[in-house]
Amino acid sequence: MLGYVNSACQICNKDGSNQRFPTGGYLDGKQQRFIMAEAHDVVERSFNINSKLGPRLIAAAEQNAILRIGWTNAGEPVPKNGELGLCPNLPKGARMRALGTLGSWTAPFGSGGTFTLQGDAGGFLGAGNRGNTIVCERLAGDYAGYAMNDGKISILDGVGNDAGAHMSGGLLIVRGAAGSRVGGGMMDGLIVIHGDVGSDPGAGMSGGRIIINGRCPTPPHGVSLRPLTAAEVKSINKQLNDEELHIPSDAVCLTAAETIVIEGEGGQMSSSDLSMVGLVPDERHHAPDYATYDTVALIGERGGETTPSALPLPLMAIIEDGDELHLPSDALPHAVQLLNHQPFLARSNPRSVDYVLLDKHNLSNAPELLAASAGAVIDFDNMPSMNSEQIDGLLVAVRTLLGRDKPFAFLNALGRITNLHVRAAHHGADIAFARIEDGSGVAEAAALPLIGRSAKAHLEETHTDAGVLLGLSASAHDVAVLRASGIKIIACEVPMAEAQDLVHWLQSIHQELAEILSRLGLESIDRLQRQNLRALDHETAAISGLRLVGYERPLPHWFAR
């Protein structure tokens, strides 16, 4: 049953057995739904809690008051059961206390508040932490402290796999057993484990320290194991500032070992582009050369429930820093208008019209990025793999900060196109972007039927539209071909970084699209259809399923059962 995946966390006890706990609201289809609430109810309850807490957090911090979740106003305990994505960006001075079993992405992106949970937590507890002090009095799920760069997280009854993954700072303390790959990919910071750890501790770490007061397996390649010095023991215990959590002198320390780093090639590139796909007219006559043409694309229509965002071109180019999009003061008004109205995908400093491209590298800056942007695109290729419950937790946290009316999109590899479309539709994403350059080498023309078939099977009768991310910059021809193939939005790399050059690029796409539409006799880019496409050679026809020019039908093998 879609959305009810098994979200229990599993860790190893000292006797080698596995301990499991539910993270709330999402069950294996073989289990009974009445054990926990349905996913939609959990998500709505979580949004409701966040919306009520928002205005009260700053006031409570000023009054030095503690806000409570899981108790009535009279103080009667009413434990929470699976709520997720709670309390994102807890402000400095805010104090929260929660009771019950909370789901994934609890207290992420914290800015200096205090969060205490009397119960279990799901995955990604305190993810992206940058100042919060978080205490989980029982068990926490996978990826606790993921991508944190500051603050302190204490987990007092064991943790799942990948705790402290991609840490770049801060302190993570675990009392009890820890799962596999603790501290995986960490770059800095300190992890202290009072218990046994699973396999591959510190895998891929490049900095920081992992202190283990318990059984530790042989670390993987690139990780060295050594005893602690007396000075280190004294310094760490001073940092822990709790006698019950002090480490003994016989604890071991894992650090990154010196290795030879070889930069990878990044996988196989796409074997061809869309240059051998032609655009041909149907029975319509060409339009006058002075006619105007509609190239606007709408994002976030959602069946009329919200006001959609309008893109002058169905195009989003990726740029590292949105500040690069500011023109000089003497720029032409037309150039300023053209650039100011076209959204880009920015990894930092997005403008109010831009969308933020969110991944593990800028996750801890999510509150500021989301507040400044018009929407969000979550890059699942550069995030840990997540089940439906964890995706819902991430979306509750992200959309609480972004605003529920603003569009959001998923980005994933072309090779996972079915999974991308199923999940995007299930979670209500506005766009599902397929990354063409995913290392598989699939030609762009061959991607068209892959995306088209999946979209027809999984996106029809939903509010989710198909999109693509090209490996290079897009031309007007690319945009027209992809729109004719049913792709709503095309993301791509920028051809150049200078703002003035980007204005010329956008203007050329506008003009060339107008020429294409004029030649085809179409007044709007929305009128482009698959019947306007032709494969210009046999190879393109063979891999794309398009009609071969001259032959005027697809090659016979596309009709074979």
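Heads up, the sequence shown stops at 1757 in our numbering, and the numbers go up one at a time, no gaps.
Here a beta-carbon is modelled for each residue, glycine too, at the ideal position from N, C-alpha and C.
Exercise. What do you reckon, are the CB atoms on residue 1328 and residue 1299 nearer than 7 Å?
Worked result: no
Problem set entry | Own chain residues within Cβ distance below 8 Å of residue 1424, not counting five before or after | Closer than 8 Å at Cβ, skipping near neighbours: 1407, 1432, 1443, 1445, 1447, 1448, 1449.
Exercise. Which of helix, strand or coil does DSSP assign to residue 1592?
Worked result: helix
Exercise. Closest to residue 1675 by CA distance: which of 1647, 1479, 1706 is it?
Worked result: For the residues 1647, 1479, 1706, the minimum Cα distance to residue 1675 belongs to 1706.
For this session: Can you give me the Cβ contacts of residue 1268 inside the same chain, cut-off strictly under 8 Å, excluding the 5 residues immediately before and after it?
Result: 1274
Exercise. Is the stretch 1523 to 1538 close to the stretch 1699 to 1713, with three or more CB pairs under 8 Å?
Worked result: yes
Exercise. Is the Cβ-Cβ distance between residue 1253 and residue 1287 less than 7 Å?
Worked result: yes
Problem set entry | Assigned secondary structure, residue 1429 (DSSP; H/G/I helix, E/B strand, else coil) | helix
Exercise. Are the beta-carbon atoms belonging to residue 1281 and residue 1592 less than 7 Å from one another?
Worked result: yes
For this session: Going by CA-CA distance only, name the one from 1295, 1256, 1257, 1332 that's closest to residue 1271.
Result: 1295
Exercise. Taking the alpha-carbon positions, what's the residue 1633 to residue 1256 distance?
Worked result: Near 48 Å, if we compare the C-alpha coordinates of residue 1256 and residue 1633.
Exercise. Does DSSP put residue 1760 in a helix, a strand or coil?
Worked result: With the chain represented from 1197 up to 1757, any question about residue 1760 goes unanswered, as that position is not in the structure.
Problem set entry | DSSP state of residue 1514 mapped onto helix, strand, coil | strand
Problem set entry | Separation of residue 1662 from residue 1688, as counted between CA atoms | 14 Å
For this session: Check whether the stretch 1714 to 1729 touches the stretch 1485 to 1493, taking contact to mean three or more Cβ pairs, one atom from each stretch, closer than 8 Å.
Result: yes
Problem set entry | Inter-residue spacing [alpha-carbon to alpha-carbon] between residue 1553 and residue 1451 | 32 Å
For this session: Give the range of the beta strand (DSSP E) segment to which residue 1473 is assigned.
Result: 1473 to 1475
Exercise. Among 1477, 1290, 1642, 1657, which one has its Cα closest to the Cα of residue 1729?
Worked result: Ranking 1477, 1290, 1642, 1657 by CA distance to the CA of residue 1729 puts 1477 first.
For this session: Could you spell out the range, first to last residue, of the beta strand (DSSP E) harbouring residue 1423?
Result: Run containing residue 1423: 1419 to 1423, per the beta strand (DSSP E) assignment.
For this session: Would you identify the three-state DSSP class for residue 1452, choosing helix, strand or coil?
Result: strand
Problem set entry | residue 1671 beta carbon less than 7 Å from that of residue 1819 | Because the chain here runs from 1197 to 1757, residue 1819 falls outside it and cannot be looked at.
For this session: Keeping to the same chain, check which residues put their C-beta closer than 6 Å to that of residue 1413; ignore five residues upstream and five downstream.
Result: So the list reads 1395, once near-sequence residues are dropped.
Exercise. With DSSP run on the structure shown, which of helix, strand or coil describes residue 1752?
Worked result: Helix at residue 1752.
Exercise. Considering only residues of the same chain and omitting the five flanking positions on each side of residue 1284, which have a CB-CB separation below 6 Å?
Worked result: 1304, 1305, 1593, 1596, 1597
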